[in-house]
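Going by this note's numbering, the first residue of the sequence shown is number 4, and it counts up by one from there. Ideal Cβ placement from N, Cα and C applies to all residues, glycine included. For reference, the structure is listed below as structure tokens.
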Amino acid sequence: MALIGSIRKRSALLVIIIGVALAAFVLGDFVKRKPRQSVNIGSVDGDEITIMDFNRQVDQNIENTKTKQKKDRLSQQETYTVRDQTWEQIVRKKVMDEQYSSLGIDVTSNELFDLVQGVNPHPIIKQYFSNPQTGVFDKNLVLNYLQNLDKMNPQAKAQWIQLENYIKEDRKMTKYNNMISMAYYVPEQLARQIYSEDNDKANIEYVAVKYISVSDSLVKLTDDDYNNYYEKNKFRYEQKESRDIDYVVFNVRPSAEDVGAATKEIESIYDDFVKTENPIAFVNANSDNAYDSTWKKQGSLPVQIDSLMFNSEIGTVSQPYRDGYTFNLGRLIDTQMRPDSMRASHILIAYSGAMRAQENVTRTAIDAKLLADSLLKVVKRHPNKIEKLAKEFSDDGSVKSNSGDLGWFADGAMVAAFNEAAVKTKKGGITFAESPFGFHIIRVTGKKDVSKKVRVAIINREVLASNQTYQSVYAKASKLASENHTKAEFDEAVKKQRLNKRTAPKTQKMSHYIAGVNNARQVVRWAFNDDTETGDVSEVFDLDGAFLVATVAAKYEAGFPKMEDVKTRLHTFVLNEKKGEYITRKMKAFNGDIDKIAAELGGQIDKVEALNFSSRNIKSFGRENKLIGSIFAQSAATTLEPIAGVGGAFVVKIKGFTPAVSASDYSFSKKKVTTELKRRVDGDFIYKALNKISDIEDNRLSYY
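So this is what it looks like as structure tokens:
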């Protein structure tokens with residue numbers, strides 16, 4: 004009790020002591036941590052890109068990609084690609100917005116209207132709103148979509164806004180490029196010079212000694228030679244930050260025990276597959292893939308069951324067969340004589356609520372059926388009137404361009420009810436079908452290549468690795484990672500265990516692929532982590548069906564590398580430069596006598612009677628800019644001093660020049676230059692240049 008009373012008396016002091024201790028604990032932990040991660044994933048010239056804005060744009064682009072590719076979900080690699088593209092999209096917009104703002108470039112609402120609904124809409128509008136049967140752009144599809152936009156879900160509205168934004172950005176870029184192209188002026192004097200470069204001719208005779216013909220032992224290379232060459236050509240070797248990553252992949256494959264267990268399972272499934280009275284439902288319940296109702300012609304089924312299915316009774320089941328790590332079974336469902344392709348004309352009578360029905364279609368399904376029945380009777384009596392009636396009554400948007408004629412289409416290409424009606428109707432016959440689009444009056448006008456086809460219910464069952472197999476493979480990977488902590492130890496262990504070591508050279512920080520590993524993002528992030536040093540060995544990475552252990556073999560910082568790091572790449576160039584000095588020194592002793600040079604130094608003599616400046620090439624040597632420039636820097640016949648070129652050393656005897664015939668009009672030369680400029684502008688050269696000079700901060704590595 005005395006102790007409790009003492010504590011009560013000193014409670015205020017006790018609170019202070021505890022508070023200070025707690026603060027010291029929290030602050031101590033805080034200062035040990037790294038600074039709080041920025042909420043910005045990057046910036047362009049100080050204009051920040053928040054992680055929230057970035058992720059919002061990524062989500063939109065993922066949804067657009069899924070819609071475009073008709074997928075429910077994207078793979079890990081596809082998702083990463085979308086993230087990468089989103090980053091480039093945002094950076095491009097910020098870089099170009101600075102230019103548009105300074106130049107007053109914009110797209111008005113009237114312009115946007117014309118690009119969406121005008122006479123000549125934007126190419127992407129034509130692509131998205133083309134008739135699915137003919138591939139022809141249908142303006143009515145655009146109007147119908149916009150009229151119903153308010154009734155659509157928020158995702159569809161967001162996608163439309165994104166589409167409009169894309170059209171606006173593309174239009175602004177077109178205006179910007181046009182401004183640059185139109186601003187380029189070619190003066191008359193420059194056009195004349197270009198004309199002369201293209202048409203002035205030089206008549207030369209030369210002797211050349213190829214560097215490859217000179218023994219490497221005749222020249223000695225020093226570090227000064229390498230350094231001098233590197234300093235002159237340093238701009239060619241600028242690099243981005245990268246890593247050399249050595250790694251071992253431990254693939255998880257089913258063991259013999261796993262295959263044995265799967266074999267017993269597929270044998271049990273086979274017995275039930277033979278007995279079942281509902282094979283389609285059985286496939287959907289037991290196969291890795293759903294039942295495919297496609298009619299197959301001979302030669303299109305797997306070779307293991309193709310002949311059996313085409314020469315057996317309905318209900319026949321194949322014996323299980325293995326393809327890689329997948330077991331398969333097939334059961335014959337049906338056979339028919341069917342054409343490979345058909346041609347038909349039709350009248351579509353849609354109704355309110357039918358798939359892709361236009362806004363102006365207000366009739367009910369009952370009214371549509373009554374109208375279709377009436378038209379069917381008319382067409383049966385007068386088959387040739389179907390085109391005229393199609394123009395008058397059909398709700399197919401393509402009817403204006405094709406009068407209802409759908410052309411040739413493959414078996415299975417049309418909606419199921421339409422396709423089957425066409426198959427069952429003889430050429431010239433009239434039939435009727437109901438589909439999600441409405442009611443169809445159909446006239447079959449052609450059939451090709453009728454042959455036997457089959458429907459086969461196929462069961463696929465992948466052999467999966469068991470937990471025991473996973474644990475066994477993981478144990479091997481874990482042993483390599485835990486027992487080796489340096490690159491030297493890693494390499495020695497790989498050698499002793501006879502493992503397959505791979506190398507991913509010059510891997511950049513936003514890479515998501517290394518050889519043999521598609522989803523390698525976590526490996527790359529580890530290699531670029533601030534705490535990862537050269538020679539460090541990673542923990543085990545789980546890569547969905549494989550384990551990986553890596554080591555950082557080398558680091559390369561952004562900028563210009565040390566000469567020693569690129570010395571191997573420099574060797575051939577430095578060697579040729581020294582050989583050039585050696586050969587030209589020898590050549591000078593012969594005072595321009597090309598015959599003696601050829602005889603003494605083993606060179607070859609050749610002639611070019613009509614060399615022009617624009618060609619840049621010398622026969623048997625390729626591009627030799629220095630040599631060509633030296634020739635056309637002369638104005639009269641002469642013999643040039645020895646020249647060390649790219650592929651060899653030369654002595655040139657200029658016999659004379661033939662000036663170009665004067666032209667009355669140099670518009671062709673002007674057009675040549677402006678066309679090349681426009682090609683560069685349209686080829687994104689301008690944006691690439693702007694991107695290079697922009698201050699772009701990229702913090703994506705901190706997030707993914």
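| Check | Outcome |
| --- | --- |
| Can you tell me the Cα-Cα spacing of SER665 and ASP117, whole angstroms? | 48 Å |
| What are the start and end residues of the alpha helix (DSSP H) that includes ASP167? | Sequence check: residue 167 is Glu here, not Asp. Here the alpha helix (DSSP H) through GLU167 covers 157-186. |
| In the DSSP output, what is ASP326 paired with across the bridge? | THR329 |
| What residues in its chain sit with their C-beta under 6 Å from that of GLU208, if we drop five residues either side in the sequence? | LYS610 and LYS656 |
| If I follow the unbroken beta strand (DSSP E) through ALA293, where does it start and stop? | Here ALA293 belongs to no beta strand (DSSP E), and DSSP marks it neither H nor E. |
| Quick check: the Cα distance between ILE164 and LYS171, rounded to an integer number of angstroms? | 11 Å |
| What number of angstroms, rounded off, separates the C-alpha of LEU643 from the C-alpha of GLY651? | 15 Å |
| Between which two residues does the beta strand (DSSP E) harbouring LEU221 extend? | From DSSP, LEU221 is part of no beta strand (DSSP E); its letter is neither H nor E. |
| Short of 6 Å in beta carbon distance, which residues of its chain neighbour ILE54, apart from the five on each side in sequence? Order them along the chain. | VAL42 and ILE44 |
| Express the C-alpha separation of LYS235 and LYS589 in angstroms, rounding to a whole number. | 25 Å |
| Just reading off the beta strand (DSSP E) that GLN511 is part of, what are its end residues? | 504-511 |
| Who are the near neighbours of ASP547 in its chain, counting only those whose CB is closer than 7 Å to its CB and skipping five residues on each side? | ASN522 |
| Tell me whether TYR707 sits in a helix, a strand or coil according to DSSP, three-state version. | coil |
| The beta strand (DSSP E) spanning SER438 covers which residue range? | 433-438 |
| Quick one, which of GLU268, LEU351 and SER105 has its alpha-carbon nearest LEU467's? | GLU268 |
| Where does MET340 land, buried or exposed, given buried means 16+ other C-beta within 10 angstroms? | exposed |
| Note down the Cα distance separating ARG501 from SER469, rounded to an integer number of angstroms. | 25 Å |
| Compare the beta carbon distance of VAL540 and ILE600 with 9 Å and say whether it is the shorter of the two. | no |
| Where are the alpha helix (DSSP H) runs, 4 residues long or more, that stay fully inside the stretch 479-539, in chain order? | 490-499 and 524-531 |
| Looking at C-beta atoms only, is the number of pairs between the stretch 200-214 and the stretch 611-630 that lie closer than 8 Å three or more? | yes |
| If we count the other Cβ atoms within 10 Å of its Cβ and call it buried at 16 or more, is ARG76 buried or exposed? | exposed |
| Using 8 Å for Cβ pairs, my map puts SER617 next to GLU200. What's the rounded Cβ distance? | 5 Å |
| Is the distance from the Cβ of ASP343 to the Cβ of ASP452 below 9 Å? | yes |
| Please report how far the alpha carbon of ILE517 lies from the alpha carbon of THR537, in whole angstroms. | 18 Å |
| If you reduce the DSSP assignment to three classes, tell me which class PHE79 lands in. | It is Gln, not Phe, that sits at residue 79 in the sequence shown. Correct three-state label for GLN79: helix. |
| Any idea what DSSP makes of VAL122, helix, strand or coil? | coil |
| Quick test of the definition: if touching needs 3 or more C-beta pairs under 8 Å, does the stretch 295-310 touch the stretch 360-372? | no |
| Using 8 Å for Cβ pairs, my map puts LYS581 next to VAL222. What's the rounded Cβ distance? | 4 Å |
| In terms of DSSP beta bridges, what is LYS558 paired with? | ARG246 |
| Three-state secondary structure (DSSP) at VAL654? | strand |
| In the DSSP assignment, find the beta strand (DSSP E) that holds LYS450 and state where it starts and stops. | 441-451 |
| Which term fits ARG464, buried or exposed, when burial requires 16 or more other beta carbons within 10 angstroms of its beta carbon? | buried |
| Mapping the DSSP letters down to three states, classify LYS69 as helix, strand or coil. | helix |
| Does DSSP put ASP3 in a helix, a strand or coil? | Absent from the structure is residue 3, since the part of the chain shown begins at 4 and ends at 707. |
| Exposed or buried, VAL2, counting other C-beta atoms within 10 Å across all chains shown (16 or more means buried)? | The structure shown does not extend to residue 2, since the chain is modelled only from 4 through 707, so no value can be given for it. |
| So, helix, strand or coil for LYS599, using DSSP? | helix |
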